[in-house]
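Chains A, B and C, in that order, give the protein sequences. If you're matching positions, the first sequence starts at 1167 in my numbering and goes up one per residue. If you're matching positions, the second sequence starts at 1167 in my numbering and goes up one per residue. If you're matching positions, the third sequence starts at 1167 in my numbering and goes up one per residue. Worksheet: the structure to be examined is printed underneath.
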Amino acid sequence: MKMTLAEIASFLGGTVIGADDTIINNIRSIEEANEGDITFIANKKYLKKLNLTKASAILAPPQTAAEGKNLIIVADPYAALGKLLTLFYPLEHGRSGVSPDAYVEEGAIVSPEATIFPRAFIGKRAKIGKGVVIYPGVFVGNNAFIGDDSILYANVTVYHSCIIGKRVILHSGVVVGADGFGFASPGKDNTKIPQVGFVQIDDDVEIGANTTIDRAALGRTWIQRNVKIDNLVQIAHNVVIGEDSAIAAQVGISGSTKLGKSVMVGGQTGMVGHINIGDNVMIAAASSIHKNIKSGQIVGGSPQLPHKQWLKVLACWVKLPEMRATLDELKKKVEKLQEQKNKLSNKG
Amino acid sequence: MKMTLAEIASFLGGTVIGADDTIINNIRSIEEANEGDITFIANKKYLKKLNLTKASAILAPPQTAAEGKNLIIVADPYAALGKLLTLFYPLEHGRSGVSPDAYVEEGAIVSPEATIFPRAFIGKRAKIGKGVVIYPGVFVGNNAFIGDDSILYANVTVYHSCIIGKRVILHSGVVVGADGFGFASPGKDNTKIPQVGFVQIDDDVEIGANTTIDRAALGRTWIQRNVKIDNLVQIAHNVVIGEDSAIAAQVGISGSTKLGKSVMVGGQTGMVGHINIGDNVMIAAASSIHKNIKSGQIVGGSPQLPHKQWLKVLACWVKLPEMRATLDELKKKVEKLQEQKNKLSNKG
Amino acid sequence: MKMTLAEIASFLGGTVIGADDTIINNIRSIEEANEGDITFIANKKYLKKLNLTKASAILAPPQTAAEGKNLIIVADPYAALGKLLTLFYPLEHGRSGVSPDAYVEEGAIVSPEATIFPRAFIGKRAKIGKGVVIYPGVFVGNNAFIGDDSILYANVTVYHSCIIGKRVILHSGVVVGADGFGFASPGKDNTKIPQVGFVQIDDDVEIGANTTIDRAALGRTWIQRNVKIDNLVQIAHNVVIGEDSAIAAQVGISGSTKLGKSVMVGGQTGMVGHINIGDNVMIAAASSIHKNIKSGQIVGGSPQLPHKQWLKVLACWVKLPEMRATLDELKKKVEKLQEQKNKLSNKG
């Protein structure tokens, strides 16, 4: 694809500074860009790289100045990058229609406008919407529902009766709807509690590779609209994740915990079950969350603390050996003072 | 399904308080239950919800009182719930027999009473017992053994020569028998040590989605009877997990570590290799276990401590900034006292 | 297989102490070995087991003495074990050639010397080298490249355009090339940034079960020669891992972080994005790495500290309740001293 800076600026709603007839034919990172490439500055700390890049143009935030460089000024260069990538690299699956080598069980309702690859399996009474793309090795269980324009990459598993919304992306190895971990007398009888609920995933959700979302014991596990979940995350039965939340890799959320809207959770964080996390909460990576968090809080640590307090604790944690040495020294000094005081008292 | 309270109480071995001809046709959580539903109180802290539920009846522990509510009193309401769910929601796979679209290699021995879905793969000399259910995308390697009535959900992988007992449940994405992580001169030559052992999983084990259990270097990795393992757990080569143990999600157990019977491990805990954990040990979530634990101990923390001591340490950890401030203050005071003492001494 | 000790010593370049005509027909661990077995001592702490083993011979390091035992002295018994296991247990896949039941898309170039199992899927224009083994359920995307003699075990997924080198081993459930976790306005709009880069895995890499390696946003995610990665590891977009590095299970490495050569990372460690880890760095298990590490450093902790300092901090952390008690006690003593001093001053 070839576009001039003027055309790109028009497409992105930005303003060109420099030669607007410059021709762009690819998008590369600021280090790797060469002539003919456009690049971007998403973070002000990379501004210093601006003068070193060989890119023919740069997507940059308002008030960026760079002598001799062609810029397109946009409000959010990272979002603009996304838009431009979508134009330069349209998503292609290289197939359309329902392959005769897919295995579609009797009673499944598959839109003729869906793409089903060979070796996919669609269960009884499952419904597959139009524009859906289902890759090889995908299993869609009986009575499951896949909304329009969703993409299930290779080797995804959706157990029976789970509901996937529109424009949902499930990356390879995702498992939706396996049994929740529920046993009576755990560690003794381990009597299985049948997990008879389901998983509901709303529109515009994206879920990373090998993430697992368990079906509810009763009722539903619910991932709401526009939630984004990274790889290898564990979502237990009956968890609810509020819309627009973003969950980084290897997070684990225990049963029945509810997250509000726009919650952001750093990687490898764990949460106990049956707690409530408010809206707009931010949780640092590798935290251990064991109790409710009110809306708007920023927390971190293990156990959790308000973010600023946590940083103070960590600053002290690092100084523990010094603190201990000071303490030992003080102890001796005080003992000495006491001895001397006693002598004085005796003298007195 | 429709049953009266009298019938349900008889099935569960419980006692009705209230109208025993009440008709029940579903099971729901205490918040979601409506007329015609039965619900349950598994935990005494939910007793306060008893008066608010719209359920027609409640499974409750002995000595529960709730005016105007129909109760079935049972010793363990959660276990009773499990039993009742099994009755109301019998597990159905919607198929039986060996599909001609399954790929069964020559020399495999598959019970005609097993259910093999299309697109499953059964290797040479593998044995599949009666009542086994094998979903699409499952790979059973050469010489592997799957005991009677086990269920392998979609996209499970069992490498060659591994042994799975009876009534075992492997959820989607489970990998049994991949090579253990064994290399000579790690970080330099990384010379692979062939992993020529196997995995043995005994009867009544359940393993959660995307959990991995590596084959032994020599000998076996061994998951004993009735062990329950949650999702995304890593079990390294030559680990042994004693019967009835329960391992929560995202736990990692390093090579050759042995767990006793009825061990309970909280989520995201890690254990080093070559240690022994006794029977009936309980380990808190997110702990780092680096040495042996005697039977019956409760431990937590990173590094591990006896549980009570760990809680005390955490209580202090949170107070570190205050402790540091106090320490600084004391230091100044002591210095001042010393100065004054010196003055006194000089005067003296 | 049957070999004399003399033959084995010759094969390994070792020296027999004892009866060099002893016949060996299997290899077992020191506890499980019996007559006819050879075993090994990889770690000096197991030397005490030497006299108890029933093995007919032992691979042992120089200067090992064991009366009445047959030894083969080799420089590195663990590496020798690996070599001997390769001889006794040659890797067999039980098939050869491209199965007619594999699904090979038009335009794919598959070496006739490759082994493709039934139910594997090879995308358009993908290239599969000679000696490659591709198990059932594997998905190789369009334009992907698999180098000679690599093994992709069951249910591996390689997304389009990813490059896998020679002699690479991908264990079951590995996902190479899923989209990196990149969204503009995260937690609000969550606007997807198309991930248009790829993954490059160099020769002799081995990757454990259910590990995920995301494709780059732009450019490549790069796993260099002879890197070994354990199970359930998360490698984010644009990460680079230098050659010969070894990464234990459940580690998570965030976007654009670069590891040098021969880096060793303990299990469950997390790293933030955009940092640089030097060559020959060692990182303890369960660490949280948030900033650059220079070559040759040994670090641990959460937050990270030089290893020795970290151990000192942990030693104090355990003593926190005592420290706090001491602090409280000192505070009282100092207050008392001040009071007495004040009295003295008043008197004075």
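Using N, Cα and C, we set each Cβ at its ideal position, and we do this for glycine too.
Within 8 Å of any Cβ in chain A, is that where the Cβ of C/Cys1482 sits?
Here residue 1482 of chain C refers to the residue found at position 316 when the third sequence is read from its first residue. Judged by the 8 Å Cβ criterion, C/Cys1482 is in contact with chain A.
For A/Ile1455, count neighbouring Cβ atoms within 10 angstroms of its own Cβ and tell me buried if that reaches 16, exposed if not.
Along the first sequence, read from residue 1 onward, the residue named residue 1455 of chain A stands at position 289. It is buried - the Cβ of A/Ile1455 has at least 16 other Cβ atoms within 10 Å.
Counted within 10 angstroms of its Cβ, other Cβ atoms place A/Ser1422 as buried (16 or more) or exposed:
Taking the first residue of the first sequence as position 1, residue 1422 of chain A is located at position 256. Answer is buried; the Cβ neighbour count reaches 16.
Output needed for C/Asp1267: all residues of its chain with C-beta closer than 6 Å, excluding positions within five of it in sequence on either side, in chain order.
Your numbering for residue 1267 of chain C matches position 101 in the third sequence. Cβ within range, chain order: Pro1284.
Whether or not the stretch 1335-1343 of chain B and the stretch 1217-1235 of chain C are in contact is what I'm after, with contact meaning three or more pairs of Cβ atoms, one per stretch, closer than 8 Å; do they touch?
no
Is the Cβ-Cβ distance between C/Ala1232 and C/Leu1218 less than 8 Å?
Your numbering for residue 1232 of chain C matches position 66 in the third sequence. Your numbering for residue 1218 of chain C matches position 52 in the third sequence. No, these two residues do not count as a Cβ contact at 8 Å.
Within the continuous beta strand (DSSP E) that includes B/Met1365, where are the two ends?
What you label residue 1365 of chain B is simply residue 199 of the second sequence in a count that begins at 1. Going by the sequence as given, residue 1365 of chain B is Val instead of Met. Residues Phe1364 to Ile1367.
If I measure Cβ to Cβ from C/Lys1460 and keep anything under 7 Å in the same chain, skipping five residues before and after, which residues do I get?
Within the third sequence, residue 1460 of chain C is the residue found at index 294, counting from 1. Taken in chain order, the residues that qualify are Gly1444.
Counting C-beta neighbours from all protein chains within 10 Å, is the total for C/Met1167 16 or more, i.e. buried, or is it exposed?
On the third sequence, position 1 is the one that residue 1167 of chain C refers to. Exposed: under 16 other Cβ atoms inside 10 Å.
Cross-chain neighbours of B/Leu1251 in chain A, by beta carbon under 9 Å
As a position in the second sequence, residue 1251 of chain B is number 85, starting the count at 1. Result: Ile1359, Pro1360, Gln1361, Val1362, Ala1383 and Leu1384.
Do you know offhand how far B/Leu1250's Cα is from A/Asn1309's?
As a position in the second sequence, residue 1250 of chain B is number 84, starting the count at 1. As a position in the first sequence, residue 1309 of chain A is number 143, starting the count at 1. So the alpha carbons of these two residues sit roughly 23 Å apart.
Would C/Asn1512 be called buried (16 or more neighbouring beta carbons within 10 Å of its own) or exposed?
For this step, residue 1512 of chain C is matched to residue 346 along the third sequence. Counting Cβ neighbours within 10 Å, C/Asn1512 comes out exposed, since fewer than 16 surround it.
Kindly indicate if chain B contains any beta-carbon less than 8 Å away from that of A/Pro1266.
For the purposes of this step, residue 1266 of chain A is identified with residue 100 of the first sequence, where counting begins at 1. So, not an interface residue.
Leaving out five residues on either side along the sequence, give the residues of the same chain with a beta carbon under 7 Å from the beta carbon of B/Pro1302.
The residue you call residue 1302 of chain B lines up with position 136 of the second sequence. Cβ within range, chain order: Phe1283, Pro1284, Arg1285, Ala1286 and Ala1320.
8 Å contact criterion, which A/Ile1335 and A/Ile1312 should meet: CB distance rounded
Position 169 of the first sequence, counted from the start, is the residue given in the question as residue 1335 of chain A. Position 146 of the first sequence, counted from the start, is the residue given in the question as residue 1312 of chain A. With a Cβ gap of about 12 Å, A/Ile1335 and A/Ile1312 do not count as contacting.
Buried or exposed, going by whether 16 or more other CB atoms sit within 10 Å of the CB of C/Glu1201?
Taking the third sequence and counting its residues from 1, the one referred to as residue 1201 of chain C is at position 35. Classification of C/Glu1201: exposed, given that the 10 Å Cβ count is below 16.
Member of A/Ile1190, A/Lys1220 and A/Thr1378 whose CA lies at the smallest distance from the CA of A/Ile1367:
Here residue 1367 of chain A refers to the residue found at position 201 of the first sequence. Nearest C-alpha to A/Ile1367: A/Thr1378.
My output table needs one value for B/Glu1233: the three-state DSSP class, helix, strand or coil.
The residue given as residue 1233 of chain B occupies position 67 in the second sequence. Coil, per DSSP.
In the structure shown, what three-state DSSP assignment does C/Pro1472 receive?
Taking the third sequence and counting its residues from 1, the one referred to as residue 1472 of chain C is at position 306. Correct three-state label for C/Pro1472: strand.
Let me check understanding here. Comparing Cα to Cα, which of B/His1440, B/Pro1472 and B/Ile1464 lies closest to B/Asn1404?
Taking the first residue of the second sequence as position 1, residue 1404 of chain B is located at position 238. Ranking B/His1440, B/Pro1472 and B/Ile1464 by Cα distance to B/Asn1404 puts B/His1440 first.
Please list the segments of the alpha helix (DSSP H) lying wholly inside the stretch 1436-1490 of chain C, counting only runs of 4 or more residues, in order along the chain.
1473-1484
Counting contacts by CB-CB distance shorter than 8 Å, is C/Thr1378 in contact with chain F?
Checking the listed chains, one finds no chain F in this structure; the protein chains it contains are A, B and C.
Please list the segments of the beta strand (DSSP E) lying wholly inside the stretch 1229-1273 of chain B, counting only runs of 3 or more residues, in order along the chain.
1237-1239
On the DSSP bridge assignment, give the partners of C/Met1418 in chain order.
Residue numbering aside, residue 1418 of chain C sits at position 252 when the third sequence is read from its first letter. In the sequence as presented, Met is not what sits at residue 1418 of chain C; that position holds Gly. According to DSSP, C/Gly1418 bridges with C/Gln1400 and C/Gly1436.
Look up B/Ala1172 in the DSSP assignment and say whether it is helix, strand or coil.
Mapped onto the second sequence, residue 1172 of chain B falls at position 6. Residue state, collapsed to three classes: helix.
For chain B, find out if any of its Cβ atoms is closer than 8 Å to the Cβ of C/Leu1496; answer yes or no.
The residue labelled residue 1496 of chain C in the question sits at position 330 within the third sequence. Cβ-Cβ to chain B under 8 Å: yes for C/Leu1496.
Short check: CB of A/Thr1281 to CB of A/Val1270, under 8 Å?
One-based indexing of the first sequence puts residue 1281 of chain A at position 115. One-based indexing of the first sequence puts residue 1270 of chain A at position 104. Going by C-beta atoms, A/Thr1281 is not nearer than 8 Å to A/Val1270.
Proximity below 8 Å, CB of C/Leu1237 to CB of C/Ile1275
Here residue 1237 of chain C is taken as the residue at index 71 of the third sequence, counted from 1. Here residue 1275 of chain C is taken as the residue at index 109 of the third sequence, counted from 1. No. Outside cutoff.
Boundaries (first-last residue) of the beta strand (DSSP E) holding A/Ala1223:
Numbered from its first residue, the first sequence carries residue 1223 of chain A at position 57. Run containing A/Ala1223: Ala1223 to Ala1226, per the beta strand (DSSP E) assignment.
So which of A/Asn1458, A/Arg1391 and A/Ala1383 has the shortest CA-CA distance to B/Arg1194?
Position 28 of the second sequence, counting from 1, holds the residue named residue 1194 of chain B. When each option's Cα is compared against that of B/Arg1194, the closest is A/Ala1383.
Anything in the stretch 1308-1328 of chain C with a Cβ closer than 7 Å to a Cβ of chain A? List those residues in chain order, please.
Asn1308, Asn1321 and Thr1323
Would you kindly work out how many angstroms separate the C-alpha atoms of A/Ile1317 and A/Ile1413, rounded to a whole number?
Indexing the first sequence from 1 puts residue 1317 of chain A at position 151. Indexing the first sequence from 1 puts residue 1413 of chain A at position 247. Using only the alpha carbons, I get a separation of about 20 Å.
8 Å Cβ cutoff, A/Leu1471 in contact with chain B
Here residue 1471 of chain A refers to the residue found at position 305 when the first sequence is read from its first residue. At least one chain B Cβ lies under 8 Å of A/Leu1471.
Taking 8 Å as the threshold (C-beta atoms), are C/Ser1222 and C/Ile1174 in contact?
If you number the third sequence from 1, residue 1174 of chain C lands on position 8. If you number the third sequence from 1, residue 1222 of chain C lands on position 56. In this structure, C/Ser1222 does not lie closer than 8 Å to C/Ile1174 by Cβ.
Give the interface partners of B/Tyr1301 over in chain C, defined as CB-CB distance under 8 Å, in chain order.
Numbered from 1 along the second sequence, position 135 holds the residue referred to as residue 1301 of chain B. Those within 8 Å of B/Tyr1301 in chain C number zero; the least Cβ separation is about 12 Å.
Sort C/Gln1400, C/Asp1369 and C/Gly1436 by Cα distance to C/Asp1314 and report the nearest one.
Within the third sequence, residue 1314 of chain C is the residue found at index 148, counting from 1. Per the Cα distances, C/Asp1369.
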